[in-house]
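The working numbering numbers the first residue of the sequence shown as 2 and each following residue consecutively. From the three backbone atoms N, C-alpha and C, an ideal C-beta is built for every residue, glycine too. Notes follow once the structure below has been shown.
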Amino acid sequence: MKRNRGFTLIELLVVIAIIAILIALLLPAVQQAREAARRTQCRNHLKQMGLAIHNYHDTHSCFPPGSTGGSTTGEDYHIVPNWRAHIWPMLDQGTLYNQMNWTDSNRGFTSSSSHANAVLLRGKTIPVYTCPSSPLDPNGSPAVGWNSGHNSNRIQVPMYVGVAGSSIGTSAQFPAGTTVGFVNYYGIYTNNGMFKWNDVTRMRDATDGTSNTLLVAEQSGTVGTAKTDLRSGYYGGYTSCNFFGQIGSTEVLAPGGSYAWQTGLSSLRYQINATSASTGSDVPYAPNTVWNSTHTGGIHVLLSDGGARFISENIDMNTLRALAARNDGQPIGEF
2 MKRNRGFTLI ELLVVIAIIA ILIALLLPAV QQAREAARRT QCRNHLKQMG LAIHNYHDTH
62 SCFPPGSTGG STTGEDYHIV PNWRAHIWPM LDQGTLYNQM NWTDSNRGFT SSSSHANAVL
122 LRGKTIPVYT CPSSPLDPNG SPAVGWNSGH NSNRIQVPMY VGVAGSSIGT SAQFPAGTTV
182 GFVNYYGIYT NNGMFKWNDV TRMRDATDGT SNTLLVAEQS GTVGTAKTDL RSGYYGGYTS
242 CNFFGQIGST EVLAPGGSYA WQTGLSSLRY QINATSASTG SDVPYAPNTV WNSTHTGGIH
302 VLLSDGGARF ISENIDMNTL RALAARNDGQ PIGEF
């Protein structure tokens, strides 16, 4: 009688080995495809922000103020939100915006767990402010310095930061010889970007061209081997600034600048994906927090014309500085 022959142990092991090899070969391709999809979604989030900011401009004849609040004479915590909250109505978050109390003078306006704003925002995530590739908790606290533990209310800290301009070295100048802000112990504050502290800009202010001027930069990665979260935030990501001149002030920046702090904006000082947290980037409420991501090789940015694109971490710093400034008159290289 003829016997049915089954797999031998060796044959079974060979089949298993072949399957394992195929999986090993296919897995990177699958992972790359997934990351490509996440990168596309991240870029689309910036495009949505760009549309919202342009709609704001159409409605108010200006871009939203970058970060607002404070006074020129003292530590006044009368709060108006930073730009991230100003455009909520244009991101289908009008109901949320109308429920907020923007006239409260409570420090940080979301610092108390019983505060109505904190209760309203607790645990709420606006998807457009998240990068799907990021390992960070959208509602987690950048746990460094004074900010450590100050987001127990779990208020979202967006993964995109407004561009407040740029400077050279340790000065508040760009180009060299042109003062664009001030320096204090937190870092360098500039007002030559499209988003300003306690002031607004308009499309016409981008004299370098809207397609050559940055508006928003990605900030969805970590810094250093400790993988430190240094997204711009304080009691969440929607609070504002202090010790800056009032909106419309003729001052460059406030005389109380030695004590100034802010959230929602970053003045370019360091290379994209910088690996160390230096002065100006070592706490989340500092002015020069790093632009970064977990995308391979760079970050996504939003230009003032509403276009979103990927910029390499190896971009020439002079080119990047010129892109971050709205009116420097410097030639822009390839980017």
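Local Cβ density within 10 Å of residue i, reported as buried at 16 or more and exposed below that
i      : result
GLU335 : exposed
ASP209 : buried
TYR286 : buried
VAL15  : exposed
ASN99  : exposed
GLU219 : buried
ASP317 : exposed
LYS125 : exposed
ARG35  : exposed
PRO139 : buried
VAL31  : exposed
LEU28  : exposed
SER62  : exposed
TYR13  : The amino acid at residue 13 is misidentified as Tyr; the sequence shows Leu. Looking at its Cβ environment, which holds fewer than 16 other Cβ atoms inside 10 Å, LEU13 is exposed.
GLY234 : buried
ASP230 : buried
LYS197 : buried
LEU10  : exposed
LEU137 : buried
ALA173 : buried
N- and C-terminal bounds of the beta strand (DSSP E) containing residue i
i      : result
LEU10  : Here LEU10 belongs to no beta strand (DSSP E); instead the alpha helix (DSSP H) covers 10 to 61.
ALA309 : 309 to 313
THR104 : That residue, THR104, is in no beta strand (DSSP E); it is neither H nor E in DSSP.
THR191 : 188 to 191
ASN185 : 182 to 185
ASN267 : Sequence inspection shows Ser at residue 267; the Asn mentioned does not correspond to that position. Its beta strand (DSSP E) spans residues 266 to 269.
CB-CB length for residue i against residue j, believed under 8 Å
i      : j      : result
GLY265 : LEU122 : Contact doesn't hold; Cβ gap of about 15 Å is too wide.
ALA119 : ASN83  : Not confirmed; about 16 Å, so no contact.
PRO66  : ASP206 : 13 Å between Cβ atoms; not a contact.
ALA53  : TYR239 : 15 Å between Cβ atoms; not a contact.
THR41  : CYS242 : Contact flag wrong, Cβ pair sits at about 33 Å.
TRP89  : LEU97  : 6 Å
Element boundaries [alpha helix (DSSP H), containing residue i]
i      : result
VAL120 : 117 to 122
Three-way DSSP call (helix, strand, coil) for residue i in this model
i      : result
HIS296 : coil
TYR235 : coil
LEU216 : strand
GLY95  : helix
GLY150 : With a pLDDT of only 49 at GLY150, under the threshold of 50, the placement of this residue in the model should not be trusted, and no figure is reported.
ALA165 : strand
LEU137 : coil
ASN83  : coil
THR211 : helix
VAL129 : helix
ASP230 : coil
ASN319 : helix
ASP306 : coil
ASP200 : strand
Proximity below 8 Å, CB of residue i to CB of residue j
i      : j      : result
THR223 : LEU324 : no
GLN157 : ILE189 : no
ARG39  : PRO133 : yes
SER277 : SER168 : no
VAL217 : GLY163 : yes
ASN289 : SER282 : yes
TRP262 : TYR187 : yes
PHE308 : SER212 : Strictly speaking, residue 308 in this sequence is Gly, with Phe absent from that position. The answer is yes: Cβ separation under 8 Å.
MET160 : THR191 : no
SER279 : GLY299 : no
VAL181 : GLY170 : no
SER221 : SER142 : no
MET1   : TYR57  : Limits of the chain in this structure are 2 at one end and 336 at the other, which puts residue 1 out of reach.
PHE311 : MET195 : no
HIS296 : LEU47  : no
ALA326 : PHE183 : no
MET50  : LEU303 : yes
ASN328 : ASN193 : yes
Cβ-heavy atom distance, residue i to the ligand GTP, below 7 Å
i      : result
ILE333 : The model depicted lacks the ligand GTP and carries no ligand whatsoever.
Cβ of residue i within 8 Å of any chain D Cβ
i      : result
MET160 : Of the chains in the structure shown, none is chain D; there is only one protein chain.
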